[in-house]
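Peer 1: Attaching a single structure in structure tokens format; questions to follow.
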Amino acid sequence: MPHDQYALSVTGEKGGNITLSISGSASLDTISLMLPEIKTLLEEKHPSKLTTDLGSVEYLDSAGALLLIQLENEAKRKSVPFAYLNMSDKVKGIMTLLDRDALSTSPIIPEKRTTGFFERIGEASIGFYDDIIEVIAFGGELTLEIIYSLFHLRSVRWTDVIVYMKKVGVDGLPIVGLITFLLGLILAFMSSLQLKQFGANIYVPSLLSLAMVRELGPIMAAILVAGRSGSAFAAEIGTMKVNEEVDALITMGFNPIRFLAIPKIFAAIMVVPLLTLFADLFAIIGGLVIGVFFLDLTVYTYVQQSIKAITIFNIVTSMIKSVVLAILIAGIGCQRGFMVRGGAQDVGNATTSAVVAALFLIIAVDSIFAVLLSYIE
Amino acid sequence: MIEMNKLEAGVLSTDPIIVVENLTARFGDDTILENVNFEVYRGEIFIILGGSGCGKSTLLKHMIGLHELASGRVTINGIDITSADDNEMGKLRRGMGMLFQSSALFGSMTLYENVALPLMEFTRLPLKIIDPIVKTKLGMVGLSGYENHLPSELSGGMKKRAGIARAIALDPTVLFFDEPSAGLDPVTSAELDMLIRNLNKGIGTTMVIVTHELESIFNVAHRIIMLDKSKKGIIAEGDPRELKEHSENPRVTNFFNRKATH
Ligand SMILES: Nc1ncnc2c1ncn2[C@@H]1O[C@H](COP(=O)(O)OP(=O)(O)OP(=O)(O)O)[C@@H](O)[C@H]1O
Ligand SMILES: [Mg+2]
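Chains as they are written, first to last, in our numbering: chain A, 1 to 377; chain B, 1 to 262.
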């Protein structure tokens, strides 16, 4: 008989002494069919005593043995006496392979998944609360380490700082340039559609340059850095956490924040303002294309008008804003990385939440700056 | 070799370098170890035994202060690590070396950089001196020539050995090894035993080692403790050779005689 075939037969009076004979193969391939069949046979017969004849079983694997044990347990549950007949040594060997206790031992720690709607809401709120506490604690520690590093510049790992400056800045420049160029193009085009009606084309460059320097430049640079580098920081530190590399650093006597987070944050502080300036520049170039080809402005007028609109104060506050954003994006990226406890999936979650949290912070900080600046000006 | 070891054990000091008092280790509500007490003497090779999952790695990590103790105290070199500040801990840790069960090499650095890192950060040695130190440390574990390999380009056993090279980079006074010979062939494993004995005899390094290799235990251990999962603590302590012959606990004799419990 091939391995995927079996036959069942039942002898004996209904309600009396029943013998179930299994022949052929009781294996992973057959038990899914066999199990319901046995069930219906036995339900029909209501045995007062059940004997299972294994005399003509040709092949039995651990799944087949499990089926027998479940049959046995089922009989025990209904308090029907149960016995095996013609059990060969081979079958016996396979039966002892299975740990019967494993079926009934309860897990050492309870299952973590909860399905209740309210429980989930509760858990999420507790999780959110813990999250905020952790972010604040990390923020405090990070601030101390930044201050320490500023006073002990020699303790900063400058080779790492340079590596991350390249990763965040140099490697990020093309995409920042492309996106802000297109943004400038679109903004100039859209505003010219309106301003043209009033013959106010000449205001397109100033509108664009002011919008970029005050708001869009820092935000665009920050969003791109959050997506490219904040997430990368979280993934890098998270993976190190999973591989016990962070533990190794600690046992070697390193301060992991000083070792891993400070270089990233210093690199971001130095590079994000530069990226912001580049973002402004590329947007203005994008606007220039529209200005020259659609609005009949000369390059000279366009540039002059662009510069006239912005003040040193605008540029300085925009730089301060990007430094703050740089610290927050890199900081939250590192914090999410350090929070990783489990495995690969946790690293993925950390990466996602690094970006989401950074985007939230970018908007929040931008609003705060807008309010503050409106009072100062 | 066994005879020699006994002789050494005879002259061992009983001046404790590590004192563990009433250590309790917990993960959430799950208690792994409860009220564990023992001492490690200066200059000895101290081996922690026990079945898989009984808490050996957990004990090591608590001893070096990676996890906070649920209760109890660990004193290393007279410093209580449960109350030491960051500065003291940093200093203490630079005098210790740890091999993790998972090796925990820095994935973004080559083997050379992994071993050189503590030397560059914690000593003021010029590169001219660091370079030969790194090369000889890699040589000690049989990894000469692998300086420029990344950890991902190594086999499991090679990673273990690289982890050992990194742990001994600063010639620490206390070494913690978590299963140093897991995944090694018998020859390499015997060479590793030799390295452990030489470090111990030569520099007087105190070693706390988790291992299951019976042969290695009899070759290098001065004293052992055996942990047990159901007791959540120590079930045997002493000289492995005596325990093998004279222990009354069947779980201990089964371990040394490689017998299954059921
Ligand atoms: N981070 C953790 N969180 C929760 N439980 C843990 C954690 N690490 C270990 N444990 C639990 O602690 C117990 C002991 O684990 P440990 O790694 O110390 O075992 P071990 O004795 O080193 O085993 P092995 O010889 O297999 O390495 C296990 O039951 C494990 O489930
Ligand atoms: Mg372990």
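All C-beta atoms, glycine included, are put in the ideal place defined by N, C-alpha and C. Everything numeric in this text was worked out from a predicted model, so none of it was measured.
Just to confirm my understanding: we take T51(A), look at its own chain, exclude 5 residues before and 5 after, and list those with CB closer than 6 Å. What are they?
Peer 2: Closer than 6 Å at Cβ, skipping near neighbours: T19, A83, L85.
Peer 1: Could you please give the first and the last residue of the uninterrupted alpha helix (DSSP H) stretch that includes G337(A)?
Peer 2: Where G337(A) is concerned, the enclosing alpha helix (DSSP H) stretches over 312-339.
Peer 1: What is the rounded straight-line gap between the Cα of R258(B) and the Cα of V347(A)?
Peer 2: In a straight line, the C-alpha of R258(B) is about 40 Å away from that of V347(A).
Peer 1: Terminal residues of the continuous beta strand (DSSP E) containing E34(B)?
Peer 2: Unbroken beta strand (DSSP E) run through E34(B): 30-41.
Peer 1: Going by the DSSP bridge assignment, what does T11(A) pair with across the sheet?
Peer 2: Looking at the DSSP assignment, T11(A) forms a beta bridge with T19(A).
Peer 1: Distance, Cα to Cα, S62(A) vs M87(A)?
Peer 2: The alpha-carbon atoms of S62(A) and M87(A) are separated by roughly 15 Å.
Peer 1: Excluding the 5 residues preceding and the 5 following S103(B) in the sequence, name in chain order all residues of the same chain whose CB lies nearer than 6 Å to its CB.
Peer 2: Closer than 6 Å at Cβ, skipping near neighbours: K159, K160, G163.
Peer 1: Can you tell me the Cα-Cα spacing of I2(B) and F177(B), whole angstroms?
Peer 2: Model confidence at I2(B) stands at a pLDDT of 42, short of 50, so the residue's coordinates are unreliable and nothing is read from them.
Peer 1: Taking Cβ positions only, does I250(A) come closer than 9 Å to chain B?
Peer 2: With 9 Å as the cut-off, I250(A) counts as an interface residue toward chain B.
Peer 1: So, is L7(B) buried or exposed, given that buried needs 16 or more other C-beta atoms within 10 angstroms?
Peer 2: Here L7(B) scores only 40 on pLDDT, less than 50, and its place in the model is too uncertain to base an answer on.
Peer 1: Scan the stretch 43-76 of chain B for residues whose Cβ lies nearer than 7 Å to a Cβ of chain A and list them as they occur along the chain.
Peer 2: Those would be I64, L66, in chain order.
Peer 1: Between the Cα of K321(A) and the Cα atoms of F282(A), A344(A), S367(A), which residue gives the shortest distance?
Peer 2: It is S367(A) whose Cα lies nearest to the Cα of K321(A).
Peer 1: Should D30(B) be listed as close to ligand 1, given that the test is whether its C-beta is under 8 Å from any heavy atom?
Peer 2: Yes, Cβ of D30(B) sits closer than 8 Å to a heavy atom of ligand 1.
Peer 1: Tell me the residue span of the alpha helix (DSSP H) that contains V163(A).
Peer 2: Run containing V163(A): 158-165, per the alpha helix (DSSP H) assignment.
Peer 1: Compute the Euclidean distance between the alpha carbons of S392(A) and G230(A), then round it to the nearest angstrom.
Peer 2: Since the first residue shown for chain A is 1 and the last is 377, residue 392(A) is missing from the structure and cannot be characterised.
Peer 1: Determine the burial state of Q5(A): buried for a count of at least 16 other Cβ atoms within 10 Å of its Cβ, exposed for fewer.
Peer 2: Looking at its Cβ environment, which holds fewer than 16 other Cβ atoms inside 10 Å, Q5(A) is exposed.
Peer 1: In its own chain, which residues sit with a C-beta less than 6 Å from the C-beta of S209(A), not counting the 5 before and 5 after it?
Peer 2: Closer than 6 Å at the Cβ level, and outside the excluded window around S209(A), lie I284, S306, A309, I310.
Peer 1: Against chain A, does F218(B) count as a neighbour if the rule is that its beta carbon must be under 9 Å from one of theirs?
Peer 2: No, its Cβ sits nowhere closer than 9 Å to a Cβ of chain A.
Peer 1: Give me the subset of the stretch 11-31 of chain B whose CB atoms are less than 9 Å from a CB atom of chain A, sorted by chain position.
Peer 2: Taking 9 Å as the Cβ-Cβ cut-off against chain A, the residues of the stretch 11-31 of chain B that qualify are F27, G28, D29, D30.
Peer 1: With 16 as the cutoff for other CB atoms within 10 Å, does G37(A) come out buried or exposed?
Peer 2: The identity of residue 37(A) in the sequence shown is Glu, whereas the question assumes Gly. Counting Cβ neighbours within 10 Å, E37(A) comes out exposed, since fewer than 16 surround it.
Peer 1: Can you tell me which of the three DSSP states I209(B) falls into?
Peer 2: I209(B) falls in the strand class under three-state DSSP.
Peer 1: With 16 other CB atoms within 10 Å as the buried threshold, where does D247(A) fall?
Peer 2: Buried is the call here.
Peer 1: Could you check whether N201(A) and D280(A) sit closer than 9 Å to each other, using their CB atoms as the reference points?
Peer 2: Taking 9 Å as the Cβ cut-off, D280(A) and N201(A) do not qualify as a contacting pair.
Peer 1: Does DSSP put F27(B) in a helix, in a strand, or in coil?
Peer 2: If DSSP states are grouped into helix, strand and coil, F27(B) belongs with the strands.
Peer 1: Hey, F181(A) and G286(A) are a contact pair by Cβ (cut 8 Å); roughly how many whole angstroms apart?
Peer 2: Their Cβ separation, rounded to whole angstroms, is 4 Å, which keeps F181(A) and G286(A) in contact under 8 Å.
Peer 1: Please report how far the alpha carbon of V36(B) lies from the alpha carbon of K137(B), in whole angstroms.
Peer 2: About 35 Å.
Peer 1: Should the stretch 14-24 of chain B be called in touch with the stretch 260-276 of chain A, which here means at least 3 C-beta pairs below 8 Å?
Peer 2: Taking 8 Å as the limit for Cβ pairs, the verdict is that the stretch 260-276 of chain A does not touch the stretch 14-24 of chain B.
Peer 1: Return yes when the Cβ of H212(B) is within less than 9 Å of the Cβ of A182(B), no when it is not.
Peer 2: Yes, these two residues count as a Cβ contact at 9 Å.
Peer 1: Between the Cα of G50(B) and those of D185(B), P240(B), M109(B), spot the shortest distance and give me the residue it belongs to.
Peer 2: With distances taken between Cα atoms, G50(B) lies closest to P240(B).
Peer 1: Using beta carbons (cut-off 9 Å, strictly below), is G253(A) in contact with chain B?
Peer 2: Yes, G253(A) counts as interfacial toward chain B.
Peer 1: Taking 9 Å as the cut-off, decide whether the C-beta atoms of L98(A) and L66(A) are in contact.
Peer 2: Cβ atoms of L98(A) and L66(A): closer than 9 Å.
Peer 1: What does a CB cutoff of less than 7 Å around N254(B) pick up in its chain, not counting 5 residues either side in sequence?
Peer 2: Same-chain partners within the cutoff: T261.
Peer 1: Report the neighbours of E245(A) on chain B: residues whose CB is nearer than 8 Å to its CB, in chain order.
Peer 2: The answer, in chain order, is A104, L105, F106, G107.
Peer 1: Tell me, to the nearest whole angstrom, how far the beta carbon of G238(A) is from that of V340(A); I am working on the premise that it is less than 8 Å.
Peer 2: Contact flag correct, Cβ pair sits at about 4 Å.
Peer 1: Run the CB neighbour count on V57(A), radius 10 Å, all protein chains shown included, and call it buried at 16 or more, exposed below.
Peer 2: Buried, by the Cβ-count rule.
Peer 1: Check whether the Cβ of D247(A) lies closer than 8 Å to any heavy atom of ligand 4, and answer yes or no.
Peer 2: Absence of ligand 4 from the depicted structure is noted, with ligand 1 and ligand 2 being the only ligands included.
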